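Enquirer:
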Amino acid sequence: MRGAVNAVSISKDKGMRKSPQPFVDIVLEHGLAGDAHGGVGHRQVSLLALESIKKMQALGIDVHPGDFAENITLQGVDLAKVAVGTHLSLGEGVMLEITQLGKECHERCAIYYQAGDCVMPREGVFARVLRGGQVKAGDEVLVWPKLRILVITLSDRCSRQETVDESGPALAAELALTGARVATVILADDYDALVERLTETCDQNAADIVLTTGGTGLSPRDVTPEATLAVIERVVPGIAENMRAQSLKVTQAAMLSRAVAGTRKKTLIINLPGSKKGALECLRVLLPVLPHAYEVMQGQNTDCGRLPQ
5 MRGAVNAVSI SKDKGMRKSP QPFVDIVLEH GLAGDAHGGV GHRQVSLLAL
55 ESIKKMQALG IDVHPGDFAE NITLQGVDLA KVAVGTHLSL GEGVMLEITQ
105 LGKECHERCA IYYQAGDCVM PREGVFARVL RGGQVKAGDE VLVWPKLRIL
155 VITLSDRCSR QETVDESGPA LAAELALTGA RVATVILADD YDALVERLTE
205 TCDQNAADIV LTTGGTGLSP RDVTPEATLA VIERVVPGIA ENMRAQSLKV
255 TQAAMLSRAV AGTRKKTLII NLPGSKKGAL ECLRVLLPVL PHAYEVMQGQ
305 NTDCGRLPQ
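Offset between the sequence shown (1-based) and my numbering: plus 4.
Here you go:
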């Protein structure tokens, strides 16, 4: 599910209307900087759909974003379909986890007396901040499905425990912010072992997405693309093309990457670079399209020509 931020608002006092801002800084495990509701706890950020506000406007009540004390007013996101534990990404990197649906109001607040009603207790949601950053009106909002992701590190030295795998854990930590269930495994740079693991994972529907890291270069032991091509049923060339294009903005060495991507059954397999830095850079290119790819492969969204806005 995708939508957009309609407004971001803060107030210096609790229980009062909030004032829309050009942008806000969202602080890890705190909330919005300068907002009275920020602090330790599970209700660090409050969110309300613009559609809820429009229902009140249709009744002739003069209300606008921020009037129900919500920090973030969303547009195009059906909060009625969002469960506790759902993860949302906003703008470029902010991650929230929904912790509460609605709330119980023990006393009539200033908002109720000013607006004549308050939809926040019925239709608002609350969240904690998993990763902070800046958010402004117009930023994209992405509601994450519960993905099952396998991260496979390909490295002879890591498999022999001669060096520590940095890429796999870094990818797993980043993916965990989306609410995904992530498993990791280390394999040697072995063609047959990788083919077997990929085939088994896909055919047993053990993961929605498999990300490999390592083995995509020009070394004689780099066999990840060949093993992947032997397994996949359909190539998805745009993924690897875009990763290389974005990586080329950082390093010319990106043109040496032989990474590929494709699908087998209902699993999407994507090759990432072996370095921690390169793997994370490519993952950030991928993240905005992974939910849509998952929905299409599961038959939940068949219009692959139009990425939801």
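Even glycine gets a Cβ: it sits at the ideal position worked out from N, Cα and C. Fair warning: this is a prediction, and the values are worked out from it, not measured in the lab.
(1) If you draw a straight line from the alpha carbon of V264 to that of T167, how long is it in whole angstroms?
(2) Tell me, please, which residues DSSP counts as bridged to A8.
(3) Determine the extent of the beta strand (DSSP E) in which G172 is found, giving its start and end residues.
(4) To which residues of the same chain is R262 closer than 6 Å at the C-beta, ignoring the five residues directly before and after it?
(5) Out of E299, A131, R21, T267, state which residue places its alpha-carbon closest to the alpha-carbon of H91.
(6) Helix, strand or coil for L311? Go by DSSP, reduced to three states.
(7) How long is the line joining the alpha carbons of P125 and I102, rounded to whole angstroms?
(8) Going by the beta-carbon positions, is the gap between V186 and T271 smaller than 9 Å?
(9) According to DSSP, is D160 part of a helix, a strand, or is it coil?
(10) Taking DSSP's pairing of strands, which residues face Q104 in a bridge?
(11) Among the residues of its own chain, which have a CB less than 6 Å from the CB of D212, if the five just before and after it don't count?
(12) DSSP state of V254, grouped into three classes?
(13) At a cut of 8 Å, does the region 248-255 reach the region 222-237 through at least three beta carbon pairs?
(14) May I have a chain-ordered list of the alpha helix (DSSP H) segments no shorter than 4 residues that lie completely inside the region 263-297?
(15) Given that a residue counts as buried once 16 or more other Cβ atoms are within 10 Å of its Cβ, and exposed if not, what is K85?
Expert: Answer, in terms of the structure:
(1) By 1-based counting over the sequence shown, the position of residue 264 is 260. By 1-based counting over the sequence shown, the position of residue 167 is 163. So the two alpha carbons sit approximately 26 Å from each other.
(2) For the purposes of this step, residue 8 is identified with residue 4 of the sequence shown, where counting begins at 1. Q79, E144, per the DSSP bridge assignment.
(3) Your numbering for residue 172 matches position 168 in the sequence shown. Unbroken run through G172 is the alpha helix (DSSP H), 171-180; no beta strand (DSSP E).
(4) As a working note, residue 262 is residue 258 in the sequence shown. Counting only Cβ-Cβ distances below 6 Å, and skipping sequence neighbours, we find T220, P229.
(5) Residue numbering aside, residue 91 sits at position 87 when the sequence shown is read from its first letter. Per the Cα distances, A131.
(6) Locating residue 311 in the sequence shown gives position 307, where the first residue counts as 1. Low local confidence applies: a pLDDT of 47 at L311 is under 50, so the model's placement there is unreliable, and no value is given.
(7) Locating residue 125 in the sequence shown gives position 121, counting from the first residue. Locating residue 102 in the sequence shown gives position 98, counting from the first residue. A direct Cα-Cα distance of roughly 15 Å separates P125 from I102.
(8) Your numbering for residue 186 matches position 182 in the sequence shown. Your numbering for residue 271 matches position 267 in the sequence shown. Not a contact, by the Cβ cut-off of 9 Å.
(9) To locate residue 160, count along the sequence shown from 1; it is residue 156. Looking at D160 - three-state DSSP - the assignment turns out to be helix.
(10) Numbered from its first residue, the sequence shown carries residue 104 at position 100. Per DSSP, the beta-bridge partners of Q104 are F130.
(11) Within the sequence shown, residue 212 is the residue found at index 208, counting from 1. So the list reads L151, R152, Y298, once near-sequence residues are dropped.
(12) By 1-based counting over the sequence shown, the position of residue 254 is 250. Coil at V254, not helix or strand.
(13) no
(14) 280-290
(15) Stepping through the sequence shown from its first residue, residue 85 is reached at position 81. Exposed: under 16 other Cβ atoms inside 10 Å.
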